[in-house]
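Protein chains in written order, with full-length UniProt numbering: chain A, 1 to 149; chain B, 1 to 149.
For every residue, glycine included, the Cβ atom is placed at its ideal position computed from N, Cα and C.
2 protein chains.
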Amino acid sequence: MMAEDKMKLENQICFSLYATTREMTKLYRPLLADLNITYPQYLVLLALWETSPLSVKELGERLYLDSGTLTPMLKRMEKENLIERYRSKEDERRVLVGLTEEGRKAEEKAACIPDLLLDNIDMNEEEILNLKHTLNRMLEGARQKGEHQ
Amino acid sequence: MMAEDKMKLENQICFSLYATTREMTKLYRPLLADLNITYPQYLVLLALWETSPLSVKELGERLYLDSGTLTPMLKRMEKENLIERYRSKEDERRVLVGLTEEGRKAEEKAACIPDLLLDNIDMNEEEILNLKHTLNRMLEGARQKGEHQ
DNA sequence: CTAATTTTAATTGTGCACAATTAAATAGTA
DNA sequence: TACTATTTAATTGTGCACAATTAAAATTAG
């Protein structure tokens, strides 16, 4: 590719990533409206539906988010009675985040979301798996490069 | 795939998108530090280096952003003397965004960024083109679905 | 030509996202 | 033991991102 072409928006892989992520997140909005949560809050619930409780640090490792993002978001979710936050007895530094009864019940309401979202995507399973694989490789590569800077 | 598996973070294509986008954006940070701009501001400059001036609406169409995001960002960039904003004479509703001399000069400093970034990615040209093509298809699909909601 | 409609940005309010700093608890060490 | 270093969250400050509303200008319809 010519040097000038590399400066064109059209040819930038990261712009495609950036734009697609935001448009896909918008598709979640109506599906999450019923639960009254945002997409990042949905990710927190997905993590907790797998394992609850998790410390803020563990949650951050799974979602690639730090306490500066998580702490205020978790406080909002606590106010909505989806989760509870409490200090660990064994290690008072750790704040554990656990599902409430309401947070657990939300899982049933959310069970249809993955399929409803996939209905919006005109891609077959192989394409999606392929895309996910490529993205995960890119993600791990970026994390490697990023961590020693 | 089993219904339960679809609820796992690990299996969600949109989570891969979300995490990868943010990690890639972090890789830009040190490259853009010299220009003293953020990644979204870099996207504005890329658009203007192709065509200047552009109206706020045209810029929004290229970047998939609305005036609620652009207006304050453009004001910050104007304060840094990278761009200028002025009303169109022909249509007073339109605000035109044009490069300043400093904004034009920044293009030379930024010319190395695409290659520097690609150095951080362990993917060949074909893989990248393939990924971009898939993402663009997903993007257009999402925009179609999203617009009538 | 006037009134209703549409287009265009700006504004308001909420919620991430993240770098940098702070503070408390724990672990490691001389 | 006391002293240092590390780990963990919270806090602070800045900058997107977007829905909803507002206001001005231009277009369209009657």
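Pull up the distance between the alpha-carbon of E23 of chain B and that of E147 of chain A, whole angstroms please. Annotation: E23 of chain B to E147 of chain A spans about 10 Å, alpha carbon to alpha carbon.
Any beta carbon of chain B sitting closer than 8 Å to that of E58 of chain A? Answer no: the Cβ-Cβ gap between E58 of chain A and chain B never drops below 8 Å.
C-alpha gap between S7 of chain B and F15 of chain B, whole angstroms: Residue identity check: residue 7 of chain B is Met in the sequence provided, not Ser. So the alpha carbons of these two residues sit roughly 11 Å apart.
Just to make sure I have the definition right: I need the residues of chain A whose C-beta is within less than 7 Å of the C-beta of I83 of chain B. Which are they? Here the premise fails: no neighbours, minimum Cβ distance about 16 Å.
Closer than 9 Å, Cβ to any Cβ of chain B: which residues of the region 37 to 53 of chain A, in chain order? For the region 37 to 53 of chain A, the beta-carbon criterion of a distance under 9 Å to any beta-carbon of chain B is satisfied by Y39, P40, L43, L46, A47, W49, E50.
From the DSSP secondary-structure annotation, give me the bridge partner or partners of E84 of chain B. B:G98
Between the Cα of A47 of chain B and the Cα atoms of B:G68, B:K145, B:L9, B:Y64, which residue gives the shortest distance? B:Y64
For Y28 of chain B, which residues in the same chain have their Cβ closer than 6 Å to its Cβ, ignoring the five residues on either side in sequence? Y39
Residues that P72 of chain A contacts on chain B, provided the C-beta gap is smaller than 8 Å: None at all; the shortest Cβ gap to chain B is about 17 Å.
Once the 5 residues before and after residue 150 of chain B are set aside, which same chain residues still bring their CB inside 6 Å of it? Past the boundaries of the shown model lies residue 150 of chain B; chain B is included only from 1 to 149, so the question cannot be answered.
Where does L54 of chain A sit, in a helix, a strand or coil, going by DSSP? strand
Using a Cβ-Cβ cut-off of 8 Å, state whether S16 of chain B counts as contacting chain A. Using beta-carbon distances, S16 of chain B counts as an interface residue toward chain A, with a partner under 8 Å.
Sequence-distant residues of the same chain with beta carbon closer than 7 Å to L70 of chain B, five excluded per side: V56, L59, G60
Can you look up M138 of chain A in the DSSP assignment and give me helix, strand or coil? helix
M138 of chain B to K89 of chain A span [Cα, whole Å]: Looking at the two C-alpha atoms, the distance is approximately 46 Å.
Along the region 102 to 124 of chain B, what residues have a CB closer than 8 Å to any CB found in chain A? Those would be E107, A110, A111, P114, D115, L117, N120, I121, D122, M123, in chain order.
Determine the closest residue to L74 of chain B out of B:T51, B:R93, B:E92, B:G98, with distance taken between C-alpha atoms. B:G98
From the DSSP output, in three-state form, read off N36 of chain B for me. coil
Thinking just about the alpha-carbon of each residue, which of B:K105, B:R94, B:E4, B:I13 is nearest to the one in D34 of chain B? B:K105
Taking the straight line between their C-alpha atoms, what separation do you get for M2 of chain A and D115 of chain B? 11 Å
Measuring alpha carbon to alpha carbon, tell me which residue in A:T134, A:D66, A:N36, A:L54 is nearest M77 of chain A. A:N36
Rounded straight-line distance, which links the Cα of L32 of chain A to that of K145 of chain A: 34 Å
Within 8 Å of any Cβ in chain A, is that where the Cβ of R94 of chain B sits? no
Endpoints, the alpha helix (DSSP H) within which K75 of chain B is located: 67 to 79
For M24 of chain B, the three-state DSSP class (helix, strand or coil): Three-state DSSP puts M24 of chain B in a helix.
Please go through the same chain and pick out, in chain order, the residues whose beta-carbon is closer than 6 Å to the beta-carbon of E108 of chain B, but skip the five residues on each side of it. none
Put Y64 of chain A into one of helix, strand or coil per three-state DSSP. coil
Please tell me whether G141 of chain A and I13 of chain B are closer than 8 Å, where the distance is taken between their beta carbons. No, the Cβ-Cβ distance between G141 of chain A and I13 of chain B is not below 8 Å.
Just the C-alpha distance for K26 of chain B and N136 of chain B, rounded to the nearest angstrom, thanks. 22 Å
CA-CA distance, P72 of chain B and R94 of chain A? Taking the straight line from one Cα to the other gives about 38 Å.
Proximity below 8 Å, CB of T134 of chain B to CB of E101 of chain A: no
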